[in-house]
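Asks: Following the working numbering, the numbering of the sequence shown begins with 124 at its first residue and continues without gaps. Backbone N, C-alpha and C fix where the C-beta goes; we use that ideal spot for every residue, glycine too. These figures come from a predicted structure and were not determined experimentally. Pasting a structure here, questions to come.
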Amino acid sequence: MTALLTELDTTARAALKSPTTIEDTTLFPSVDSLYSRKPTWKRIKDAVVVSADLKNSTQLSFGKYINTSAKIYEASTAPLVSILWAFKPAFVDIQGDGAFAIYHGERATERALCAAITIKTFSAVTLEPKIREILGEKVPDTGLKTGMDRGTLIARKLGVHGTNEPVWAGRPVNFAFKCAGRADAHGLIVTEEVFKHFASNDYVTHSCDHSDPPTELWHETDVEKLGTHSKCKELTSHWCENGCGDRFATAILTGQKKRETVTRA
Ligand SMILES: [Zn+2]
């Protein structure tokens, strides 16, 4: 062990002392194009990250639930990844009991939000009721918790012995994970940076016309781990199941913003 730690001391010291380079890129880089040999990171602006994981995965990982957990992971992970892919992400990765996706380019924030609301809807309308129906009442309360942020990322490939994995570092990944961590089952928390993008979008801020007049759907919440950026917004609803969901998603994805029925103070 001592020899390994001595070697790692040298590795860490060398990494901290050697210059790193940041290279700006406007197009989202493919994993193949990321640097692995030289300490050069590609910087990507306006990246939007959606992160989702399972509530109570700690409880689920213990012995008596291990079979149940395996079933819940199977039932949640593949649909989660399908939803993330359905809105044309630049990158998707499964991590532990969840997954995250990076959206970039035209209407990236809109695509990411629609993915996040679809995850929330799937969790509340399908996943949890099915878990209750098929696995019974004794399973710990669970469901997908989702977080979102946008900002600048840096990326390169890191690893040892020829196994290099892409590493996406920076605020949006970190903050999206923390927002998801703070959310409850079927919850969606987004940072102020994300919310301000939609602040005057009637399709995002207000409920469908099944409520007359439409009501505001987001409330303030505090994600303390975000420090000075702790003021976030939480969505209290999911896609309307009476026909409005698809129409609203299409409106958001095609850049529509105004509805006759929504009035703002
Ligand atoms: Zn509706």
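Alpha carbon to alpha carbon, what distance is there between Asp335 and Tyr326?
Replies: Near 15 Å, if we compare the C-alpha coordinates of Asp335 and Tyr326.
Asks: So what does DSSP say about His309, is it helix, strand or coil?
Replies: DSSP places His309 in coil when its eight states are reduced to three.
Asks: Any residues whose CB sits closer than 7 Å to a heavy atom of ligand 1? List them in chain order?
Replies: Cβ atoms closer than 7 Å to ligand 1 belong to Cys331, Asp332, His333, Cys363, Asn365, Gly366, Cys367.
Asks: Does DSSP put Lys280 in a helix, in a strand, or in coil?
Replies: Reduced to three states, the DSSP call for Lys280 is strand.
Asks: Decide yes or no for the touch test of the stretch 169 to 178 against the stretch 217 to 232: beta carbon pairs closer than 8 Å, at least 3 of them.
Replies: Segments in contact, yes.
Asks: Hey, how far is the Cα of Ala209 from the Cα of Leu150?
Replies: One C-alpha to the other measures close to 20 Å.
Asks: Tell me where the alpha helix (DSSP H) around Asp325 begins and ends.
Replies: Per DSSP, Asp325 belongs to the alpha helix (DSSP H) from 325 to 328.
Asks: Tell me the residue span of the alpha helix (DSSP H) that contains Gly139.
Replies: Rather than Gly, the amino acid found at residue 139 in this sequence is Leu. 125 to 140 is the span of the alpha helix (DSSP H), which, as asked, contains Leu139.
Asks: Using a threshold of 6 Å, is the CB atom of Ala306 nearer than that to any non-hydrogen atom of ligand 2?
Replies: In terms of ligand content, the structure shown lacks ligand 2 and carries ligand 1 instead.
Asks: If you draw a straight line from the alpha carbon of Leu349 to that of Leu276, how long is it in whole angstroms?
Replies: When rounded, the distance between both Cα atoms is 17 Å.
Asks: Taking only three categories from DSSP, how would you classify Gln218?
Replies: Strand, per DSSP.
Asks: Just the C-alpha distance for Asp345 and Phe318, rounded to the nearest angstrom, thanks.
Replies: Roughly 14 Å between the two C-alpha positions.
Asks: Going by beta-carbon coordinates alone, are Met271 and Ala231 separated by less than 7 Å?
Replies: No, they are not a contact pair.
Asks: Can at least three beta-carbon pairs, one atom from the stretch 141 to 148 and one from the stretch 156 to 171, be found at a separation below 8 Å?
Replies: At 8 Å Cβ cutoff, the stretches touch.
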